[in-house]
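Numbering (my numbering), first residue to last: 38 to 382. In this text, a Cβ means the ideal position worked out from N, Cα and C, and glycines have one as well.
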Amino acid sequence: MSASISAEPHPTRPHDSESHDTEAHDTVATQLLAAEQAGALDLPLPGAGHTIERWHRLAQLSFRDTVVGRLAEAHTDAVAILAEITGRSIPNGSLWGVWAAQPPKPALDATRRNGRWVLDGRKLWCSGATMCTHALVTALCDENWLLFEVDLRQPGVQPVPDTWHAVGMSASDSGAVDFTAADAEAVGEAGDYIDRAGFWHGAIGVAACWYGSACGVAKVLHAAAARGRADEHALAHLGSITVALRGAAAALETAAHAIDGDPYDRGGQARIRARATRAVVEQAASTTIDRVGRALGAGPLCADPAHARRVADLTVYLRQSHAERDLADLGRDVAEKDFTWWHNR
Numbered sequence: 038m039s040a041s042i043s044a045e046p047h048p049t050r051p052h053d054s055e056s057h058d059t060e061a062h063d064t065v066a067t068q069l070l071a072a073e074q075a076g077a078l079d080l081p082l083p084g085a086g087h088t089i090e091r092w093h094r095l096a097q098l099s100f101r102d103t104v105v106g107r108l109a110e111a112h113t114d115a116v117a118i119l120a121e122i123t124g125r126s127i128p129n130g131s132l133w134g135v136w137a138a139q140p141p142k143p144a145l146d147a148t149r150r151n152g153r154w155v156l157d158g159r160k161l162w163c164s165g166a167t168m169c170t171h172a173l174v175t176a177l178c179d180e181n182w183l184l185f186e187v188d189l190r191q192p193g194v195q196p197v198p199d200t201w202h203a204v205g206m207s208a209s210d211s212g213a214v215d216f217t218a219a220d221a222e223a224v225g226e227a228g229d230y231i232d233r234a235g236f237w238h239g240a241i242g243v244a245a246c247w248y249g250s251a252c253g254v255a256k257v258l259h260a261a262a263a264r265g266r267a268d269e270h271a272l273a274h275l276g277s278i279t280v281a282l283r284g285a286a287a288a289l290e291t292a293a294h295a296i297d298g299d300p301y302d303r304g305g306q307a308r309i310r311a312r313a314t315r316a317v318v319e320q321a322a323s324t325t326i327d328r329v330g331r332a333l334g335a336g337p338l339c340a341d342p343a344h345a346r347r348v349a350d351l352t353v354y355l356r357q358s359h360a361e362r363d364l365a366d367l368g369r370d371v372a373e374k375d376f377t378w379w380h381n382r
């Protein structure tokens, strides 16, 4: 896999650690803008008959750069959400985030003032906080979570400095954002964001990015083996990685065909499908990280900056999964249904 977006890094700055983070941020922002302008973010909508193409292109972007893929996935998810709930499209030249994390505190509140919606408070986990021009943001109104469209360029929206300290995914710029009487437009009614088939279709788009990034991790071991520098143990690791990634690819393809065959989830399988597919891909990605490290040792992690960054980025990105909690939810869903293993996809 490969992607066709690239950008020159920002000139070096005086302080090395800060310079590295800022340069990475600038490079990601440049790549995203180039991708948007080139039409690389114009993907088929989920369930429209070409879902596998959508996920393949997200995987390609993530293969090239995990952070670019992650932010591209959010942008394209925002496009799909607006299309599904409102039928609207986004303006050309805009970059979108989906800021829907809902920790107990702090809370972002939505209120009606003089006939308009305004947002007040702090939102955490805002990926692309200083890169995006717009975002779909969840906020609390009378104990109900609503989704809002927000233009981030207004004075009432301010990213909070020094709130993103991650090593992996450092360039994703996922810090906190403060909202002060920020104008917002409601997207649907309470529950419309969660209670739709597309919510679960979109969840698998994240797994497609995991898959693409994992393929990028695996290429280091493949390259060593192709040069004849892999012993029997390393080759066994490469074989196991191949099995895992092929299984993940098959799961994504099966899910894509199922979604295209039932885009509105009349069969009631979307949630189980999403949770199972994400778990398969997560396991394959974790296996890839582990086995490449065991096969090649610390060398690539210390001497190959692109590989080291990809491993760190993917390790953090995978934690969008809630691990055993997600598996427990999957098991609960399966237990509550008349489930046949070979018919339910």
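- For Val353, the three-state secondary structure derived from DSSP is helix.
- The continuous stretches of alpha helix (DSSP H) do not include Thr200, and DSSP gives it neither H nor E.
- Cβ-Cβ distances below 6 Å link Ala208 to Ala61, His62, Val65, Val104 in the same chain, with the five nearest sequence neighbours on each side left out; the list follows chain order.
- Here the alpha carbon of Arg233 sits roughly 20 Å from the alpha carbon of Ile127.
- By the C-beta density criterion, Trp378 is exposed, having fewer than 16 other C-beta atoms within 10 angstroms.
- Around the beta-carbon of His238, 16 or more other beta-carbon atoms lie within 10 Å, marking it buried.
- A distance below 8 Å separates the beta carbons of Leu156 and Phe185.
- Taking 8 Å as the cut-off, the beta carbon of Leu258 is found no closer than this to the beta carbon of Leu282.
- Separation of the CB atoms of Phe100 and Gly205 is rounded to 17 Å, and the pair is thereby denied contact status at 8 Å.
- It is roughly 28 Å from the alpha-carbon of Ala96 to the alpha-carbon of Thr200.
- In this chain, the alpha helix (DSSP H) harbouring Val371 covers 361 to 372.
- Counted as a single uninterrupted DSSP element, the stretch harbouring Cys252 is not any beta strand (DSSP E) but the alpha helix (DSSP H) occupying residues 234 to 263.
- Classified as buried, Tyr354 has 16 or more neighbouring CB atoms from the shown chains inside 10 Å of its CB.
- At the C-beta level, Cys246 and Glu73 stay beyond 8 Å of one another.
- According to DSSP, residue pairing for Leu177 in a beta bridge involves Asp146, Trp182.
- A residue is called buried once 16 or more other Cβ atoms fall within 10 Å of its Cβ, and Pro300 is buried on that count.
- Nearest to Pro198 by C-alpha distance, out of Cys163, Leu351, Asp268, Gly304, is Cys163.
- For Trp133, the closest alpha carbon among the candidates Gly165, Asp363, Ala286, Arg159 is that of Gly165.
- Apart from the 5 residues on each side of it in sequence, Tyr230 sits with its Cβ closer than 6 Å to the Cβ of Leu184 in its chain, given in chain order.
- His62 sits in a helix when the DSSP states are folded into three classes.
- Annotation for Trp136: the continuous beta strand (DSSP E) segment containing it runs 133 to 136.
- Selection Gln139, Gly84, Ala316 evaluated against Asp366 yields Ala316 as nearest (Cα-Cα).
- Cβ neighbours of Tyr248 within its own chain (closer than 6 Å, five residues either side excluded): Ala96, Ala285, Val318.
- Exposure of Phe376 is indicated by the presence of fewer than 16 other C-beta atoms within 10 angstroms of its C-beta.
- A direct Cα-to-Cα measurement between Gly334 and Ala267 gives close to 12 Å.
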